[in-house]
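Asks: To start, I am sharing the structure in question, which I have written as structure tokens.
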Amino acid sequence: MNNTILKPELTLKETMSLLKIIAWIGLLAMVIAHKQCSKNANLWKSIQYQLKLVESSDGRCDCGSKDINSNKMVGFLAKSSKSQQNLKGVVVFDSVVTYTGSGYDSSKGHFVAPYDGLYYFSWTILANKGTNFVTDIVHNDKVILGNHAEAAAIPEKMSATHSLVLQLVAKDKVYIKTHGTGTYMFGGQWSSFTGFKI
Numbered sequence: 001m002n003n004t005i006l007k008p009e010l011t012l013k014e015t016m017s018l019l020k021i022i023a024w025i026g027l028l029a030m031v032i033a034h035k036q037c038s039k040n041a042n043l044w045k046s047i048q049y050q051l052k053l054v055e056s057s058d059g060r061c062d063c064g065s066k067d068i069n070s071n072k073m074v075g076f077l078a079k080s081s082k083s084q085q086n087l088k089g090v091v092v093f094d095s096v097v098t099y100t101g102s103g104y105d106s107s108k109g110h111f112v113a114p115y116d117g118l119y120y121f122s123w124t125i126l127a128n129k130g131t132n133f134v135t136d137i138v139h140n141d142k143v144i145l146g147n148h149a150e151a152a153a154i155p156e157k158m159s160a161t162h163s164l165v166l167q168l169v170a171k172d173k174v175y176i177k178t179h180g181t182g183t184y185m186f187g188g189q190w191s192s193f194t195g196f197k198i
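For the sequence shown, full-length UniProt numbering gives the first residue as 1, with consecutive numbering after it.
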């Protein structure tokens with residue numbers, strides 16, 4: 001005769017039922033203790049609350065209910081690969097240095113917000129001596145701020161930087177455009193556009 005004891009494996013449902021039984025036994029012990037000592041009233045209320053949470057979620061974690069976009073990282077840094085002269089329209093920063101997440105299109109110079117949120121933007125323009133390069137930052141075709149790199153009356157180059165924070169909704173568009181005609185903007189490491197989700 002074989003005296004081997006079989007150990008059945010419990011299913012998830014059976015395990016949850018067993019945990020509920022253990023919890024009820026623990027509750028029964030606490031009810032008895034509660035009747036003996038009124039100082040346990042707050043503990044008893046806390047346990048009841050916790051059991052309601054477990055029961056209402058059927059023992060499942062509710063971690064997935066948080067906003068899945070709140071921690072999505074989005075950021076870019078782009079510069080102009082070449083100097084730009086007599087430009088009228090969108091300033092395309094075509095050389096991407098940093099790109100995390102999504103949103104910046106280096107062929108058009110547009111950033112399209114992939115998620116709702118608060119975003120920081122900054123852009124720098126270096127104008128050649130004897131020239132100017134005035135730009136605006138545009139949000140959904142509305143000018144928000146201007147940046148005036150004016151070196152027309154001086155014998156030196158002139159740099160101008162502007163920064164801002166915008167509340168964006170997914171698919172909002174942000175870009176830099178000239179204000180009038182930009183005479184001469186240095187490219188390379190001198191002129192850039194950056195943005196990131198805060």
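C-beta atoms are modelled at their ideal positions from N, C-alpha and C, and glycine is treated no differently.
Any heavy atom of the ligand ATP inside 8 Å of the beta-carbon of L164?
Replies: This structure lacks the ligand ATP; in fact it carries no ligand of any kind.
Asks: Go through the segment 67 to 100 residue by residue and report every complete run of the beta strand (DSSP E) that reaches 3 residues or more, in order.
Replies: You should have 75 to 79, 84 to 87 and 95 to 100.
Asks: For T124 versus S192, is the C-beta spacing smaller than 9 Å?
Replies: Yes.
Asks: In whole angstroms, what separates the C-alpha of S65 from that of K72?
Replies: Bear in mind that the predicted position of S65 carries a pLDDT of just 47, short of 50, making it unreliable; the figure below should be weighed with that in mind. Their backbone Cα atoms lie some 15 Å apart in a straight line.
Asks: Among F133, G89 and Y115, which has the Cα closest to the Cα of W190?
Replies: The candidate whose alpha carbon is nearest that of W190 is F133.
Asks: Below 8 Å, can you find three or more Cβ-Cβ pairs linking the segment 160 to 175 to the segment 111 to 127?
Replies: With a cut-off of 8 Å, the segment 111 to 127 and the segment 160 to 175 count as touching, because enough Cβ pairs lie within range.
Asks: So, at 8 Å on beta carbons, what are the nonlocal neighbours of S106 in its own chain, with the 5 sequence-adjacent residues on each side left out?
Replies: These residues qualify, in order along the chain: A78, V92, F93, D94, S95 and V96.
Asks: Go to V174, then tell me how far its beta strand (DSSP E) extends in each direction, as first and last residue.
Replies: Looking at the DSSP string, the run of the beta strand (DSSP E) that includes V174 is K173 to T178.
Asks: Alpha carbon to alpha carbon, how far is S102 from G117?
Replies: Each residue's alpha carbon lies about 14 Å from the other.
Asks: Can you give me the C-alpha to C-alpha distance between F186 and S83, rounded to a whole angstrom?
Replies: Straight-line Cα distance between these residues: approximately 4 Å.
Asks: Does DSSP put S65 in a helix, in a strand, or in coil?
Replies: Reliability fails at S65, whose pLDDT of 47 lies under 50, so the model's placement of it is uncertain and no value is given.
Asks: Measure from the alpha carbon of E156 to the alpha carbon of each residue in G182, H148, T131 and Y99, then state which is nearest.
Replies: The residue with the shortest Cα to Cα distance from E156 is T131.
Asks: Please name the residue, chosen from E14, L19 and I137, that lies closest to F121 on a Cα-to-Cα basis.
Replies: Considering only alpha carbons, the answer is I137.
Asks: What residues are listed by DSSP as bridge partners for A127?
Replies: Answer is M158 and M185.
Asks: For S107, which three-state DSSP category applies?
Replies: Of the three classes helix, strand and coil, the one that applies to S107 here is coil, per DSSP.
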